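Participant: The structure that follows is given in the form of structure tokens.
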Amino acid sequence: MTHLDSELRILKSDILEMWRLVVLQLEKGKEALTNFDRDLAEEVVENEKRVNSYELKIDKDCENIFALFQPVATDLRLVLASLKISNNLERVGDIAASVADFVLDAEQDFNKEILERTKILEMYSIANEMLADTLEAFDNEDTRLARTMFKRDKILDKIDEAALDLVYECIITYPEQARNSLLVMSMIRKLERVGDMSKNIAEEIIFYFEAKVLKHKKKKQKEGDE
Amino acid sequence: MANKLETIDVNLHYGDFHALKGISLAIPDHSVTALIGPSGCGKSTYLRLFNRMNDLIPNTKITGQVLMDGEDIYKIKSSKIDHLRRTVGMVFQKPNPFPKSIFENVAYGLRVNGISDNSFIENQVEKTLRQAVLWEEVKDKLKKSAFELSGGQQQRLCIARALAIEPTVILMDEPASALDPISTGKIEDLIFELKNQYTIIIVTHNMQQAGRVSDYTGFFYLGNLIEFDKTKKIFTSPSKRETENYITGRFG
Ligand SMILES: Nc1ncnc2c1ncn2[C@@H]1O[C@H](COP(=O)(O)OP(=O)(O)OP(=O)(O)O)[C@@H](O)[C@H]1O
Ligand SMILES: [Mg+2]
Numbered sequence: 157m158t159h160l161d162s163e164l165r166i167l168k169s170d171i172l173e174m175w176r177l178v179v180l181q182l183e184k185g186k187e188a189l190t191n192f193d194r195d196l197a198e199e200v201v202e203n204e205k206r207v208n209s210y211e212l213k214i215d216k217d218c219e220n221i222f223a224l225f226q227p228v229a230t231d232l233r234l235v236l237a238s239l240k241i242s243n244n245l246e247r248v249g250d251i252a253a254s255v256a257d258f259v260l261d262a263e264q265d266f267n268k269e270i271l272e273r274t275k276i277l278e279m280y281s282i283a284n285e286m287l288a289d290t291l292e293a294f295d296n297e298d299t300r301l302a303r304t305m306f307k308r309d310k311i312l313d314k315i316d317e318a319a320l321d322l323v324y325e326c327i328i329t330y331p332e333q334a335r336n337s338l339l340v341m342s343m344i345r346k347l348e349r350v351g352d353m354s355k356n357i358a359e360e361i362i363f364y365f366e367a368k369v370l371k372h373k374k375k376k377q378k379e380g381d382e
Numbered sequence: 006m007a008n009k010l011e012t013i014d015v016n017l018h019y020g021d022f023h024a025l026k027g028i029s030l031a032i033p034d035h036s037v038t039a040l041i042g043p044s045g046c047g048k049s050t051y052l053r054l055f056n057r058m059n060d061l062i063p064n065t066k067i068t069g070q071v072l073m074d075g076e077d078i079y080k081i082k083s084s085k086i087d088h089l090r091r092t093v094g095m096v097f098q099k100p101n102p103f104p105k106s107i108f109e110n111v112a113y114g115l116r117v118n119g120i121s122d123n124s125f126i127e128n129q130v131e132k133t134l135r136q137a138v139l140w141e142e143v144k145d146k147l148k149k150s151a152f153e154l155s156g157g158q159q160q161r162l163c164i165a166r167a168l169a170i171e172p173t174v175i176l177m178d179e180p181a182s183a184l185d186p187i188s189t190g191k192i193e194d195l196i197f198e199l200k201n202q203y204t205i206i207i208v209t210h211n212m213q214q215a216g217r218v219s220d221y222t223g224f225f226y227l228g229n230l231i232e233f234d235k236t237k238k239i240f241t242s243p244s245k246r247e248t249e250n251y252i253t254g255r256f257g
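Just so you know, the sequences run in chain order A and B. To convert a position in the first sequence, counted from 1, into our numbering, add 156. To convert a position in the second sequence, counted from 1, into our numbering, add 5.
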């Protein structure tokens with residue numbers, strides 16, 4: 157193994173660790189909302205610092221690799237992709253923490269009906285699965301799986317679009333939970349972004365493994381070989 | 006990590022010429038240190054301090070301390086200088102195999118050290134040729150002259166020769182400057198492997214090479230050590246403007 161190979165291996169393992177941590181953050185966030193578990197929500201907020209420090213570490217890894225090894229071809233694509241993936245993961249980490257923060261902000265348990273009708277839990281699950289699948293796609297060089305992000309993101313968009321009316325209905329129906337309904341609205345707006353970030357990450361995975369740039373292409377081309 | 010090598014305020018004069026100006030530097034055990042800097046800045050002179058090869062040049066005057074494992078190698082008995090040169094292997098810019106067979110080139114250092122056990126010598130030759138990533142290419146022609154090898158192979162042979170006497174320090178003066186990219190890559194990978202067992206100092210004009218192989222980098226200029234730090238630091242954010250200018254190619 158060359159020196160560069162061993163540095164790239166470290167970079168990859170850092171990225172994977174960060175990825176797993178962010179996936180876990182989302183999962184815990186969902187559990188905290190479902191069970192109104194304040195301790196768990198607190199933990200998610202606390203752990204955001206760890207996510208951030210991974211991003212800094214990966215930035216530094218990449219900077220060193222550029223400066224010391226001038227990577228080319230697949231090595232170069234890995235370093236470029238890692239930089240952007242970690243940047244997106246950091247943003248997902250932010251979202252996980254702010255959603256957990258909304259849970260902490262609630263003054264009472266969330267009415268199950270509200271969680272049901274606004275589809276927030278369904279949305280949460282889809283977002284979590286999407287991010288977890290980007291990790292799997294990267295780990296298994298599975299660009300087909302990466303390409304599923306573009307369609308799945310649309311489901312999140314739909315839930316987000318429908319949310320305003322549904323939340324409004326909830327406020328009317330459960331006036332004593334008006335504040336919680338508004339919190340749910342805020343969470344939905346945040347979670348919608350996880351879909352976009354998973355798409356960004358998918359583009360980087362495809363760039364890394366296939367050397368194809370999908371950014372700013374028409375949707376049809378992106379979903380391409382499905 | 007303990008320091009394997011250290012110089013404390015070393016000055017070296019070639020006659021009236023002040024070639025090294027108060028160099029203080031500590032080199033950790035099991036590390037690779039690259040020395041960079043423009044031609045004539047004193048890199049090779051500095052390297053030669055550690056096997057006392059400068060002593061062979063007339064009219065040189067050295068002051069200060071040069072320590073190996075904490076002992077001043079300029080204060081040892083002259084009878085121990087041979088031993089010193091045995092613990093410090095050196096590889097030069099141009100491959101310089103002896104006019105002997107491939108096998109004898111590597112065995113030479115063992116024989117002059119009085120080893121006559123043939124099976125030991127054979128084992129050692131194979132072991133070091135493997136370490137130098139040359140074995141597969143030469144195992145069927147060990148009796149052939151070393152001059153029948155390519156430049157890159159000759160250089161790896163010289164590295165094997167240096168390793169055979171089991172030094173603890175290896176000095177390399179532009180070991181890859183005469184080689185093609187593939188041979189250069191092999192030598193660089195080899196250096197990376199070797200640092201688990203040895204302390205290595207490499208002089209190189211190739212900045213990228215310094216980045217790829219070394220843990221520490223020292224930048225010399227006009228006989229001064231301008232900056233010494235972790236290679237990562239030197240190549241991402243050096244502290245001195247001169248270093249920055251040199252590594253970005255904006256020198257002079
Ligand atoms: N034997 C010698 N006698 C007199 N001066 C010498 C001798 N060897 C080197 N010098 C001078 O000492 C200075 C440092 O030389 P040295 O060979 O250490 O430089 P260097 O950094 O290795 O250069 P290069 O990159 O060209 O190999 C130079 O100015 C050189 O002219
Ligand atoms: Mg020189």
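For every residue, glycine included, the Cβ atom is placed at its ideal position computed from N, Cα and C. Here the structure is a predicted model, which means the values were calculated and not measured.
What does a CB cutoff of less than 7 angstroms around ILE120/B pick up in its chain, not counting 5 residues either side in sequence?
Facilitator: Here the set comprises ILE126.
Participant: Just verifying my parser: in three-state terms, what is the DSSP assignment at GLN158/B?
Facilitator: Here GLN158/B sits in helix by DSSP.
Participant: Alpha carbon to alpha carbon, what distance is there between ASN56/B and LEU89/B?
Facilitator: Rounded to whole angstroms, LEU89/B to ASN56/B spans 7 angstroms at the Cα level.
Participant: Consider the Cβ of GLY223/B: report whether some Cβ of chain A lies at a distance smaller than 8 angstroms.
Facilitator: No, its Cβ sits nowhere closer than 8 angstroms to a Cβ of chain A.
Participant: Compute the minimum distance between the beta carbon of HIS23/B and the heavy atoms of ligand 1, and state whether it is under 7 angstroms.
Facilitator: For ligand 1, not one heavy atom lies less than 7 angstroms from the Cβ of HIS23/B.
Participant: Helix, strand or coil for ALA183/B per DSSP?
Facilitator: Of the three classes helix, strand and coil, the one that applies to ALA183/B here is coil, per DSSP.
Participant: Can you tell me which residues fall inside 7 angstroms of ligand 2, judged by beta-carbon distance to its nearest heavy atom, and keep chain order?
Facilitator: Checking every Cβ against the heavy atoms of ligand 2 under 7 angstroms gives LYS48/B, SER49/B, ASP178/B, GLU179/B and VAL208/B.
Participant: Under 8 angstroms by Cβ, that's how I've got VAL200/A and ALA262/A pegged, so tell me the actual separation to the nearest angstrom.
Facilitator: Actually they are not in contact, since the Cβ atoms of VAL200/A and ALA262/A sit about 14 angstroms apart, beyond 8 angstroms.
Participant: Kindly indicate which residue of ASN118/B, LYS235/B, ILE187/B and LYS237/B has the alpha-carbon position closest to the one of GLY156/B.
Facilitator: For the residues ASN118/B, LYS235/B, ILE187/B and LYS237/B, the minimum Cα distance to GLY156/B belongs to ILE187/B.
Participant: Would you kindly work out how many angstroms separate the C-alpha atoms of PHE152/B and PHE108/B, rounded to a whole number?
Facilitator: Computed Cα separation, rounded: 12 angstroms.
Participant: Measuring only between beta-carbons, confirm whether ALA319/A sits less than 8 angstroms from chain B.
Facilitator: Chain B contact via Cβ: absent.
Participant: Quick check on DSSP: helix, strand or coil for GLY94/B?
Facilitator: Residue state, collapsed to three classes: strand.
Participant: So, is ALA367/A buried or exposed, given that buried needs 16 or more other C-beta atoms within 10 angstroms?
Facilitator: Exposed is the call here.
Participant: On the DSSP bridge assignment, give the partners of THR204/B in chain order.
Facilitator: According to DSSP, which records beta bridges pairwise, THR204/B is partnered with VAL174/B.
Participant: GLN202/B versus chain A: which residues are under 8 angstroms apart at the beta carbon?
Facilitator: Those within 8 angstroms of GLN202/B in chain A number zero; the least Cβ separation is about 16 angstroms.
Participant: Near ASP381/A, which residues of its chain fall below 8 angstroms by C-beta distance, leaving aside the five closest residues on each side in sequence?
Facilitator: Reliability fails at ASP381/A, whose pLDDT of 48 lies under 50, so the model's placement of it is uncertain and the value that follows must be treated cautiously. Correct list, in chain order: ARG300 and ARG303.
Participant: At a cut-off of 7 angstroms, is CYS46/B close to ligand 1 when judged by its beta-carbon and the heavy atoms of the ligand?
Facilitator: Yes; taking the cut-off as 7 angstroms, the Cβ of CYS46/B has a heavy atom of ligand 1 nearer than that.
Participant: Tell me whether ALA24/B sits in a helix, a strand or coil according to DSSP, three-state version.
Facilitator: If DSSP states are grouped into helix, strand and coil, ALA24/B belongs with the strands.
Participant: Buried or exposed for SER242/B, please, with buried defined as at least 16 other CB atoms from any protein chain shown within 10 angstroms of its CB.
Facilitator: With fewer than 16 other Cβ atoms within 10 Å, it is exposed.
Participant: Please state the DSSP three-state secondary structure of VAL228/A.
Facilitator: Correct three-state label for VAL228/A: coil.
Participant: What do you get for LEU160/A, buried or exposed, if any count of 16 or more other CB atoms within 10 angstroms of its CB means buried?
Facilitator: So LEU160/A counts as buried.
Participant: CB of TYR113/B to nearest heavy atom of ligand 1: below 7 angstroms?
Facilitator: For ligand 1, not one heavy atom lies less than 7 angstroms from the Cβ of TYR113/B.
Participant: Who are the Cβ neighbours of VAL138/B in its own chain at under 6 angstroms, not counting the five residues just before and after it?
Facilitator: These residues qualify, in order along the chain: LYS191 and LEU195.
Participant: Quick one: residues in its chain with C-beta nearer than 6 angstroms to the C-beta of GLU193/B, no 5 flanking neighbours on either side, listed in chain order?
Facilitator: Closer than 6 angstroms at the Cβ level, and outside the excluded window around GLU193/B, lie ARG217 and VAL218.
Participant: Does the segment 209 to 216 of chain A come close enough to the segment 280 to 295 of chain A to have 3 or more Cβ pairs within less than 8 angstroms?
Facilitator: The segment 209 to 216 of chain A, when compared against the segment 280 to 295 of chain A, does not touch it at the 8 angstroms Cβ threshold.
Participant: Could you tell me how far apart the beta carbons of LEU370/A and ILE357/A are, in whole angstroms, since I believe they sit closer than 8 angstroms?
Facilitator: With 8 angstroms as the limit, LEU370/A and ILE357/A do not qualify as a contact, their Cβ atoms being about 12 angstroms apart.
Participant: Return yes when at least one heavy atom of ligand 1 lies under 7 angstroms from the C-beta of GLY42/B, else no.
Facilitator: It does: the Cβ of GLY42/B is within 7 angstroms (strictly closer) of some heavy atom of ligand 1.
Participant: According to DSSP, simplified to helix, strand and coil, what is PRO33/B?
Facilitator: Strand at PRO33/B.
Participant: Quick one: is the Cβ of HIS210/B within less than 7 angstroms of any heavy atom of ligand 1?
Facilitator: Within the cutoff, so yes.
Participant: Three-state secondary structure (DSSP) at ASP77/B?
Facilitator: In this structure, ASP77/B counts as strand in the three-state DSSP scheme.
Participant: What alpha helix (DSSP H) runs, 4 residues minimum, are completely inside the segment 191 to 248 of chain A?
Facilitator: Within the segment 191 to 248 of chain A, the complete alpha helix (DSSP H) runs of at least 4 residues are 194 to 225.
Participant: Measuring from the CB of TYR19/B, is there a heavy atom of ligand 3 at a distance below 7 angstroms?
Facilitator: This structure lacks ligand 3; the ligands present are ligand 1 and ligand 2.
Participant: Mind checking whether GLY94/B and PRO172/B have CB atoms under 8 angstroms apart?
Facilitator: A contact, by the Cβ cut-off of 8 angstroms.
Participant: Between ILE282/A and VAL248/A, what straight-line distance do the alpha-carbon atoms span, to the nearest angstrom?
Facilitator: Looking at the two C-alpha atoms, the distance is approximately 14 angstroms.
Participant: I need the boundaries of the alpha helix (DSSP H) containing ILE361/A, first residue and last residue.
Facilitator: 334 to 366 is the span of the alpha helix (DSSP H), which, as asked, contains ILE361/A.
Participant: Pull up the distance between the alpha-carbon of THR204/B and that of HIS210/B, whole angstroms please.
Facilitator: If you take the alpha carbons of THR204/B and HIS210/B, they lie about 20 angstroms apart.
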